[in-house]
Amino acid sequence: MLPQQQHLASAKTEGKMSKPDTPLMIAGKTYSSRLLVGTGKYRNLEETQGAIQASGTDIVTVAVRRSNIGQTPGEPNLLDIIPPSCYTILPNTAGCYSAQEAVRTCRLARELLDGHDLVKLEVLGDEKTLFPDLMETYKAAERLIKENFKVMVYTNDDPIAAKRLEAMGCVAVMPLAAPIGSGLGIQNAYNLLEIVHNATVPILVDAGVGTASDAAVAMEMGCDGVLMNTAIAGAQNPILMASAMKKAIEAGREAHLAGRIPRKRYASASSPIEGSFFRDDL
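For the sequence shown, this note's numbering assigns the number 9 to the initial residue and increments by one for each residue that follows.
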């Protein structure tokens with residue numbers, strides 16, 4: 009065991025951590041990584057594979073309407089580089105603008121993946137903002153849950169919408185931090201905190217992350233994980249960025265568990281003078 013790991017183990021044993029850690033669990037399955045990674049926008053399949061490996065992720069999300077996972081025989085198959093034996097494949101409904109489209113896409117994914125029922129639902133409202141259409145999202149979620157899909161759902165940063173989706177039976181709620189692909193980071197921390205504090209299912213930030221510090225902030229706030237694609241694939245060095253995101257997720261989680269110091273308006277000396285011995289004759 010490394011010295012840092014020994015220190016952490018000791019801190020846990022002595023009760024110095026303010027919160028006990030628990031693994032990420034989605035739909036009854038436990039995952040060691042809290043970073044979920046997408047497969048779009050990479051320069052080639054080799055870069056995709058390298059970034060996914062560097063990220064340490066367990067869950068890889070795939071846009072069924074934009075990627076070949078078997079529906080186009082004879083063309084490169086994404087599953088050849090991210091085999092289901094090594095990763096949990098999370099089919100998503102990116103590019104769908106209606107509940108009907110989204111449900112059809114999930115059914116196709118289940119057929120292609122031999123009955124796989126864990127899906128990421130997103131129903132978009134318009135092409136400019138890529139914000140979710142909540143009414144269509146509700147319709148699709150209700151239909152998919154009735155068909156025994158396990159739904160992880162993309163939504164906006166609305167605590168009321170998040171709670172409603174949870175009540176419907178979604179296994180995870182995924183509020184955006186900022187518009188998809190914007191790289192703006194968390195734009196409404198208050199709403200995100202409300203969602204996290206009132207949830208009984210995993211809350212994973214989805215969309216808007218730009219760099220490692222954004223991911224760390226999300227984890228420090230208590231989010232259960234972060235899903236990202238553009239922040240890694242669009243970086244100048246995607247494989248190096250994937251590695252950075254892995255570390256940021258881990259650091260943010262540890263900071264959340266450790267419990268940060270309270271913010272104060274004025275200084276507080278690191279070495280208090282109370283009880284100190286002073287000699288005026290020196």
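Glycine residues also receive a C-beta, built at the ideal position from the N, C-alpha and C atoms.
Closest Cα partner of residue i within the set the options
i, options, result
"Gly-103", "Leu-121, Pro-140, Glu-119, Gly-82", "Pro-140"
"Met-182", "Asn-245, Gly-216, Ala-275", "Gly-216"
"Ala-241", "Ala-277, Ala-59, Ala-35", "Ala-59"
"Ala-223", "Met-249, Asn-206, Tyr-105, Glu-130", "Met-249"
"Ala-117", "Thr-69, Arg-172, Thr-137, Cys-94", "Thr-69"
"Gln-108", "Tyr-146, Gly-82, Lys-158, Gly-123", "Tyr-146"
"Gln-244", "Met-229, Ala-259, Gly-218, Cys-231", "Gly-218"
"Glu-135", "Pro-28, Arg-273, Pro-187", "Pro-187"
"Ala-180", "Pro-91, Cys-231, Leu-142", "Cys-231"
"Pro-91", "Leu-121, Pro-167, His-205", "Leu-121"
Beta bridge counterpart(s) of residue i as assigned by DSSP
i, result
"Ala-263", "Its beta-bridge partners do not exist; DSSP assigns none."
"Asp-214", "Leu-235"
Residue i (DSSP reduced to helix, strand or coil)
i, result
"Met-229", "coil"
"Gly-103", "coil"
"Ile-188", "coil"
"Ile-240", "helix"
"Val-111", "helix"
"Val-204", "helix"
"Ile-97", "strand"
"Asn-245", "coil"
"Ala-17", "Here the model assigns Ala-17 a pLDDT of 46, short of 50, so the residue's position is not dependable and the matter cannot be decided."
"Tyr-274", "coil"
"Asn-199", "helix"
"Ser-279", "coil"
"Ile-90", "coil"
"Ile-257", "helix"
"Met-9", "With a pLDDT of 45 at Met-9, under the threshold of 50, the modelled position of this residue cannot be trusted; read the value that follows with caution. If DSSP states are grouped into helix, strand and coil, Met-9 belongs with coil."
Cβ-heavy atom distance, residue i to the ligand PLP, below 8 Å
i, result
"Asn-164", "Annotation note on the ligand PLP: not contained in the displayed structure, which lists no ligands."
8 Å CB neighbourhood of residue i in its chain, flanking five on each side removed
i, result
"Lys-49", "Asn-237, Thr-238, Ala-241, Gly-242"
"Ser-279", "none"
"Ile-257", "Ser-41, Arg-42, Leu-43, Ala-223, Ala-224, Met-227, Gly-233, Val-234"
Contacts around residue i, its chain only, beta-carbon distance under 6 Å, and the 5 residues preceding and following it disregarded
i, result
"Leu-235", "Leu-44, Leu-212, Asp-214"
"Ala-259", "Ala-224"
Sequence-distant residues of the same chain with beta carbon closer than 7 Å to residue i, five excluded per side
i, result
"Arg-74", "Gly-48, Ala-102, Gly-103"
"Leu-201", "Met-229"
"Asn-196", "Asp-165"
| Segments assigned alpha helix (DSSP H), at least 4 residues, entirely inside the segment 118 to 184 | For the segment 118 to 184, whole alpha helix (DSSP H) runs of length 4 or above, ordered along the chain, are 142 to 154, 167 to 176.
| said: If we require 4 or more residues per run, which alpha helix (DSSP H) segments fall completely within the segment 19 to 85? | reply: Within the segment 19 to 85, the complete alpha helix (DSSP H) runs of at least 4 residues are 53 to 63.
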